[in-house]
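Written out below as structure tokens is the structure these notes cover.
Have a look at this one:
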């Protein structure tokens with residue numbers, strides 16, 4: 114079976130400057146070149162939908178740069194535990210939060226629990242999302258409401274709760290990273306999904322304007338076709354390989370979750386301290402807005 118995506122060099126803990134110390138654990142303070150400053154040392158991150166795929170890769174990458182991470186999950190405790198183990202292996206704290214982000218009360222409780230367990234989150238990654246493929250003429254109100262609640266509304270209210278907690282803590286600055294999608298250009302059997310992800314772009318810009326006086330940056334990542342479970346619904350491996358070959362100019366293969374995660378690390382860190390209200394399209398050139 115052909116490979117869907119070829120892992121790039123530099124995606125692991127060793128490449129991130131973290132290696133086993135003499136006690137056998139992963140130590141942040143050591144690198145192949147000696148001691149160095151982690152980009153996110155001392156930061157607390159909250160990543161929604163972190164049990165698999167892009168969310169899992171982002172959580173691990175943030176920990177690889179020194180951040181403690183609260184990870185949310187809904188229906189895969191084992192997957193979330195595995196990601197938490199990766200965070201702890203990087204020498205950082207991990208805390209699991211079961212949450213249905215479609216429920217506003219649970220979103221607010223999620224942030225409150227993160228504050229109690231790890232401290233006010235400096236970084237919020239609104240990654241949780243759903244994409245039930247529904248033909249337009251078969252769409253029900255419940256289909257629309259679920260997708261908009263999870264993909265759009267949850268991110269807004271998680272950001273509000275995070276900003277309030279951050280301000281109350283007295284911490285300076287902060288970074289919110291929303292996950293949009295290349296589907297903002299339109300998707301068959303996905304008018305609700307495209308609408309939600311287009312809404313994420315507009316919401317990101319509005320939130321950035323509102324929160325800039327507080328020193329909180331808000332940006333979005335719009336991934337292209339990525340090697341996760343989502344594109345496999347209704348597509349065989351061979352079909353995905355061909356789709357990537359014909360639609361992704363740069364490399365002709367599916368993106369890896371780690372490639373998306375590296376962009377998230379940039380947006381979470383001070384390297385992007387003058388960047389807000391922006392959408393970074395990580396898609397191998399398949400879509401150039």
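In my numbering, the protein residues as written are 114 to 402.
We put the beta carbon where it would ideally sit given N, CA and C, even for glycine.
Note down the Cα distance separating residue 208 from residue 270, rounded to an integer number of angstroms.
21 Å
Where does residue 350 fall in DSSP's three states?
helix
Are at least three pairs of beta-carbons, each pair with one atom in the stretch 321-336 and one in the stretch 284-301, less than 8 Å apart?
yes
Kindly indicate which residue of 156, 402 and 251 has the alpha-carbon position closest to the one of residue 394.
402
Bridge-paired residues (DSSP) for residue 209:
184
Mind checking which residues open and close the alpha helix (DSSP H) that includes residue 406?
Because the chain is modelled from 114 through 402, residue 406 falls outside the range shown and cannot be assessed.
Considering only C-alpha positions, which residue in the set 244, 275, 211 and 316 is nearest to residue 233?
275
Find the nearest neighbour of residue 161 within the set 254, 263 and 245, judged by alpha-carbon distance.
263
Between residue 217 and the rest of its own chain, which residues show a CB-CB distance below 6 Å, the 5 nearest in sequence each way excluded?
270
Judging by CA-CA distance, which residue of 245, 210, 203 and 265 is the nearest neighbour of residue 185?
210
Rounded to a whole number of angstroms, what is the C-alpha to C-alpha distance between residue 121 and residue 333?
Because the pLDDT at residue 121 is just 37, under 50, the model does not fix this residue reliably, and the value given afterwards should be weighed accordingly. About 23 Å.
N- and C-terminal bounds of the beta strand (DSSP E) containing residue 159
157-160
Sort out for me which residues DSSP pairs residue 334 with in a bridge.
292 and 393
Within this structure, are the beta carbons of residue 339 and residue 391 separated by less than 9 Å?
no
Got a sec? Which residues, its chain only, sit under 6 Å from residue 267 by beta carbon, not counting five neighbours each side?
214 and 220
Closer than 6 Å by C-beta to residue 157: which residues in its own chain qualify, once you throw out the five before and the five after it? Chain order, please.
181, 231, 232, 234 and 235
Length of the line joining the Cα atoms of residue 294 and residue 389:
18 Å
For residue 250, count neighbouring C-beta atoms within 10 Å of its own C-beta (all shown protein chains included) and say buried if the count is 16 or more, exposed if not.
exposed
Which ranges does the alpha helix (DSSP H) cover as unbroken runs of at least 4 residues, wholly within the stretch 302-330, from first to last along the chain?
304-324
Taking the beta carbon of residue 337 as the centre, do at least 16 other beta carbons fall within 10 Å, making it buried, or is it exposed?
buried
Inter-residue CB distance, residue 171 and residue 377 (contact presumed, cutoff 8 Å)
5 Å
In the DSSP assignment, what residue or residues form a beta bridge with residue 237?
159 and 289
Here's the rule I'm using: 16 or more other beta-carbon atoms within 10 Å means buried, otherwise exposed. How should residue 153 be labelled?
buried
Taking all protein chains shown into account, decide if residue 307 is buried (16 or more other Cβ within 10 angstroms of its Cβ) or exposed.
buried
Can you tell me the Cα-Cα spacing of residue 364 and residue 167, whole angstroms?
19 Å
Kindly indicate which residue of 151, 279, 222 and 310 has the alpha-carbon position closest to the one of residue 261.
310
Do residue 285 and residue 312 have their C-beta atoms within less than 9 Å of each other?
no
May I ask you to report which of helix, strand or coil DSSP gives residue 363?
coil
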